[in-house]
Amino acid sequence: MKPRGHDSKSAVLQALKEVGGSAGASRIREKLLTRGLDIQPRTVRLYLLQLDQEGLTRLVSRRHGRVLTGRGEQELAHANIVEKIGFIGPRIDSLVYQMNYDLLTQQGTIIANTALLSARDLAWATEVMRPVFRHRFGMGTRLGVVREGQVFAGTTVPAGMVLLATACSVTVNGVFLKHGIPVTSRYGGLLEVRQWRPFRFVALIDYGGTTLDPLEAFIRAKMTRVRDCARTGNGIIGVSFREVPTPALAEVARIKKAMNEQGLDGILAVGTPNQPLLDVPVAEGRAGLVIAGGLNPLAALHESASLPKFHSLADVVDQGLLPPLRL
Numbered sequence: 059m060k061p062r063g064h065d066s067k068s069a070v071l072q073a074l075k076e077v078g079g080s081a082g083a084s085r086i087r088e089k090l091l092t093r094g095l096d097i098q099p100r101t102v103r104l105y106l107l108q109l110d111q112e113g114l115t116r117l118v119s120r121r122h123g124r125v126l127t128g129r130g131e132q133e134l135a136h137a138n139i140v141e142k143i144g145f146i147g148p149r150i151d152s153l154v155y156q157m158n159y160d161l162l163t164q165q166g167t168i169i170a171n172t173a174l175l176s177a178r179d180l181a182w183a184t185e186v187m188r189p190v191f192r193h194r195f196g197m198g199t200r201l202g203v204v205r206e207g208q209v210f211a212g213t214t215v216p217a218g219m220v221l222l223a224t225a226c227s228v229t230v231n232g233v234f235l236k237h238g239i240p241v242t243s244r245y246g247g248l249l250e251v252r253q254w255r256p257f258r259f260v261a262l263i264d265y266g267g268t269t270l271d272p273l274e275a276f277i278r279a280k281m282t283r284v285r286d287c288a289r290t291g292n293g294i295i296g297v298s299f300r301e302v303p304t305p306a307l308a309e310v311a312r313i314k315k316a317m318n319e320q321g322l323d324g325i326l327a328v329g330t331p332n333q334p335l336l337d338v339p340v341a342e343g344r345a346g347l348v349i350a351g352g353l354n355p356l357a358a359l360h361e362s363a364s365l366p367k368f369h370s371l372a373d374v375v376d377q378g379l380l381p382p383l384r385l
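If you want it as structure tokens, here you go:
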């Protein structure tokens, strides 16, 4: 698809925001392609020059490219909401298609979430997140730490900062798809946990009607209690609700076990054919899955001290960049 005029410039702005830092035309084009938008690098550069003139972007350097300005952030915030509806679903599908992690070789790419924080807070942050990983309230036990000046998923880590990367729960979709199991992403939600077990949903947002990852919205609104959950077994965590075909349930159990052994476990509950799971109904011929949000370790940090920048579905990266955290 080739958008034109104002739509194209808005798409370039949105792609730059998704990078989460500075980026050049080539990196921005990669982001656009994941949304099905084919804009050539030369044209992207032209739009960036126009956005510079409008005060919406600012050139950092030839090497690092551009960043959004405050006016650019405001422009995106006031973009036509109708154009945004349903964006998350296609974004999930695009990243899942690009993923190629292989359970047998334990090599390949997975999907990552990212957050930036001060380098001096790294030791504190690791200790806050460790119980979340230990009790499997995140997506496995993997944590990437990227130092200043290094590049991760197109983002150059600023001076004095570190980038934290966690495995996104959508990685489950990619692994299942590689084994011929289609997964339908239905909802992002908040799950109440009691005595270390899933108890009930307290909120659900349909992926089909939102531009922002529901878990991001819940975390930014301070609606989670991940840190309490990891310390006491009682709290509220971010999860997603997915569906799989019922004939695949035996294979789902096998894959779940393998992912657990590889530090990529996140499936908290598997339903029975055609039956609601935690009171959430499923389509005929399908069973539900409740999957812990890969953002939950970052949510624990946000509950303690607001993180200025964190993003779900950041990009597809090599699994080796997210080693298992020592628990």
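Sequential numbering of the sequence shown, starting at 59, is according to this note's numbering. A virtual CB, placed ideally from N, CA and C, is assigned to each residue, including glycine. Since the model is a prediction, treat every value here as computed from it, not as a measurement.
Item	Value
From L326, A327 and A341, residue whose alpha carbon lies closest to that of Q333	A341
Three CB pairs or more closer than 8 angstroms across the stretch 111 to 129 and the stretch 241 to 257	no
Inter-residue spacing [alpha-carbon to alpha-carbon] between G212 and D337	40 angstroms
Any 3 or more C-beta pairs closer than 8 angstroms across the stretch 204 to 224 and the stretch 150 to 158	no
Sequence-distant residues of its chain with Cβ nearer than 7 angstroms to H237 (five each side left out)	E309 and I313
For G378, three-class secondary structure by DSSP	helix
Beta-carbon proximity list for S99, same chain, < 7 angstroms, skipping 5 on both sides	According to the sequence provided, residue 99 is Pro. The question's Ser does not apply to it. For P99, where only same-chain residues beyond five positions count, the Cβ hits under 7 angstroms are A83, S84 and R87.
Pick from R194, V77 and C226 that is closest to G202, judged by C-alpha positions	C226
Touching by the beta-carbon criterion (3+ pairs, under 8 angstroms), the stretch 264 to 284 and the stretch 172 to 181	no
Minimum Cβ-Cβ distance from D271 to chain C less than 8 angstroms	No chain C is part of this structure, which consists of one protein chain only.
For P303, the first and last residue of its enclosing beta strand (DSSP E)	G293 to P303
CB of R194 within 8 angstroms of CB of L385, strictly	no
For I168, three-class secondary structure by DSSP	strand
Beta-carbon proximity check, S298 vs I349, cutoff 8 angstroms	yes
S362: CB within 7 angstroms of a non-hydrogen atom of the ligand MN	Absent from the structure shown: the ligand MN. Ligands present: none.
Separation of V302 from G343, as counted between CA atoms	9 angstroms
Straight-line gap, L322 to M197 (C-alpha atoms, nearest Å)	6 angstroms
T115 beta carbon less than 8 angstroms from that of L74	yes
Three-way DSSP call (helix, strand, coil) for P355 in this model	helix
Host alpha helix (DSSP H) of Y105 (start-end)	P99 to Q111
Cα-Cα separation between H122 and V77, rounded to whole angstroms	12 angstroms
Own chain partners of E206 with C-beta closer than 8 angstroms, once the 5 adjacent residues on each side are dropped	A177, V215, P216, A217, G218, M219 and V220
Coarse secondary structure for G202, derived from DSSP in three states	strand
Alpha helix (DSSP H) runs contained entirely in the stretch 226 to 251, provided each spans 4 or more residues	229 to 236
8 angstroms Cβ shell around A261 - same chain, five flanking residues per side excluded	G247, L248, F276 and M281
Terminal residues of the alpha helix (DSSP H) in which A308 lies	L307 to E319
Alpha-carbon to alpha-carbon, E274 and V251	19 angstroms
Between the CA atoms of L95 and E141 - distance to the nearest angstrom	Confidence at E141 is low in this model, with a pLDDT of 45, below 50, so its placement is unreliable and the value that follows should be read with caution. So the alpha carbons of these two residues sit roughly 14 angstroms apart.
Cross-strand partners of P256 (DSSP beta bridge)	V251
Any 3 or more C-beta pairs closer than 8 angstroms across the stretch 355 to 366 and the stretch 159 to 167	no
Cα-Cα separation, K315 to L180	31 angstroms
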